[in-house]
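Per my numbering, the sequence shown runs over residues 26 to 365. C-beta atoms are modelled at their ideal positions from N, C-alpha and C, and glycine is treated no differently. Treat the numbers as computed from the prediction; the structure is a model and nothing was measured.
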Amino acid sequence: MSDDQSAISARDAKCLFAGLVTAPAIVLAVSGGPDSVALMWLAARWRRALARGPRLIPVTVDHGLRAEAAREARDVKRLARSLDLPHRTLRWTGPKPKTGLPAAAREARYRLLAQAARKDGATHILTAHTRDDQAETLLMRMLRGSGIAGLSAMARETEREGIRLARPLLDVSKAQLVATLKKARIEFADDPTNRDPAFTRPRLRALMPVLAEEGGDARNLSRLAARLARANAAVEVLADAAERYLALRDRGTSRPGFDAVVFAAMPEEIRLRLLKRAIDRTGHEGRAELGKVESLLAALDRIVGEREGKLKQTLAGAVISVAGGRIRVEPAPPRRTRTR
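Here you go:
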């Protein structure tokens with residue numbers, strides 16, 4: 026890719042979207058800001074150069090949080106029409122939470138985008154996350170004490186509700202997208218919430234120039250996230266092998282759970298992942314928090330190390346117990362609702 030101040034060329038755009046040529050249809054998440062407008066414009070230019078390619082469907086989600094959002098959605102629709110693309114605006118209706126609003130809005134946006142993708146027969150949703158977003162995500166997760174998986178930040182492609190969620194601009198800077206739009210003389214919206222210090226991400230964004238002076242610019246932070254993602258993928262392979270090994274050792278036995286002594290001999294990170302996997306699969310209260318799984322593992326280690334004693338603990342809708350040299354993870358009974 027060219028330097029951060031130059032517009033993205035047609036050749037570069039072809040590389041960005043190369044893996045999507047055979048998709049039947051693609052939903053483009055377009056809010057109206059510079060990143061997503063650039064995504065739509067680049068994708069449309071790429072598609073026009075193909076003899077046969079996927080249908081592109083720009084979708085704007087109006088969260089109903091700003092008065093300007095409806096006008097911005099109309100502006101996106103006008104631009105999409107000029108690019109010969111169909112456009113749809115979806116609205117997040119219903120009450121909005123008083124706390125955790127950014128996370129709730131993000132969840133609603135992906136849910137609505139997935140619904141649009143299924144309706145139009147699209148296999149992919151493209152979002153306009155950039156290298157700058159990746160750096161900010163890494164910083165946020167570092168401050169929250171995330172593990173290796175969390176510090177890998179955003180993956181280039183994941184699956185959500187049967188739809189592939191792809192981020193083709195993850196190695197591209199926001200500055201280069203803005204330069205691309207300026208060269209094409211395409212206008213875009215400015216969302217003031219991106220600078221609102223009431224939210225964590227804008228506060229970290231304001232720190233980026235200072236971090237860059239010490240070498241912590243978006244390029245280096247994004248590179249760190251990529252290296253952590255590579256390490257995380259390797260550890261996942263080892264965890265898969267360890268899980269298969271435990272299953273093979275227990276083949277032919279009717280005793281539930283797995284051997285506590287064999288489990289204890291494995292590296293701590295592998296044990297942690299195996300335990301979290303079992304709880305996430307078995308529990309019915311969402312994914313277990315890493316810190317709580319770490320505390321549970323420490324308790325398991327003490328019991329197994331003493332070769333005596335028992336443990337029974339509930340976490341994320343699963344019951345984890347140790348007895349007779351076996352570790353068991355089973356569904357917890359439903360919580361009783363309190364009556365007044």
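Beta-carbon contacts of PRO222 that lie in its chain and below 7 Å, excluding the five residues immediately before and after: ARG228
Distance between ALA92 and GLY58 (C-alpha atoms, nearest Å): 15 Å
When VAL344, LEU151, GLU212, GLU314 are compared against GLU184, the one with the closest alpha-carbon: LEU151
PRO234 versus TYR135: straight-line alpha-carbon distance, rounded: 30 Å
Bridge partners - PRO356, DSSP secondary structure assignment: Its beta-bridge partners are ALA343.
Neighbourhood of GLY175 by C-beta, 7 Å cutoff - its chain only, sequence neighbours within 5 removed: ARG166
Exposed unless 16 or more other CB atoms sit within 10 angstroms - verdict on ASP157: buried
Simplified DSSP state of LEU206, which is helix, strand or coil: helix
Nonlocal neighbours in the same chain, by C-beta distance under 6 Å from ARG80, ignoring five residues either side: ALA50
Counterpart residues of ALA259 in DSSP-defined beta bridges: DSSP lists no partner for ALA259.
Alpha carbon of LYS265 to alpha carbon of VAL287, nearest angstrom: Inspection of the sequence shows that residue 265 is occupied by Asp rather than by Lys. Taking the straight line joining both Cα atoms gives about 15 Å.
Span separating the alpha-carbon of ASP284 from that of LEU271: 8 Å
First and last residue of the uninterrupted beta strand (DSSP E) at PRO83: 80-87
Bridge-paired residues (DSSP) for PHE283: ILE352
ILE295 - DSSP class collapsed to helix/strand/coil: helix
Length of the line joining the Cα atoms of SER107 and GLY125: If I take the Cα positions, the gap works out to 37 Å.
Cut-off 8 Å between Cβ atoms - residues of its own chain near ALA267, not counting five sequence neighbours on either side: MET291, ILE295, LEU299.
Beta carbon of LYS301 nearer than 7 Å to that of ALA289: No, these two residues do not count as a Cβ contact at 7 Å.
VAL52 and VAL84 closer than 7 Å at C-beta: yes
Integer-rounded CB distance, given that LEU163 should sit under 8 Å from ALA250: 5 Å
Buried or exposed (CB count within 10 angstroms, at least 16 for buried), THR118: Here THR118 is exposed, its C-beta having fewer than 16 other C-beta atoms within 10 Å.
Residue span of the alpha helix (DSSP H) that contains ILE188, given as start and end: Per DSSP, ILE188 belongs to no alpha helix (DSSP H); it is in the beta strand (DSSP E), 188-191.
Bounding residues of the beta strand (DSSP E) (the contiguous stretch that carries ILE150): 149-151
Which of helix, strand or coil DSSP assigns to ILE33: Three-state DSSP puts ILE33 in coil, outside helix and strand.
Residue environment, GLU239, which counts as buried when at least 16 other CB atoms sit within 10 Å: Counting Cβ neighbours within 10 Å, GLU239 comes out exposed, since fewer than 16 surround it.
Per-residue DSSP class, three states only, for LEU52: The residue you asked about is not Leu; residue 52 is Val in the sequence shown. DSSP, reduced to helix, strand and coil, places VAL52 within a strand of the structure shown.
Reduced DSSP category for LYS121 - H, G, I as helix; E, B as strand; rest coil: coil
Beta-carbon proximity check, GLN201 vs ASP29, cutoff 7 Å: Closer than 7 Å, so yes.
Beta-carbon separation (whole angstroms), ILE173 vs ALA142, contact threshold 8 Å: Not really, about 30 Å apart at Cβ, beyond 8 Å.
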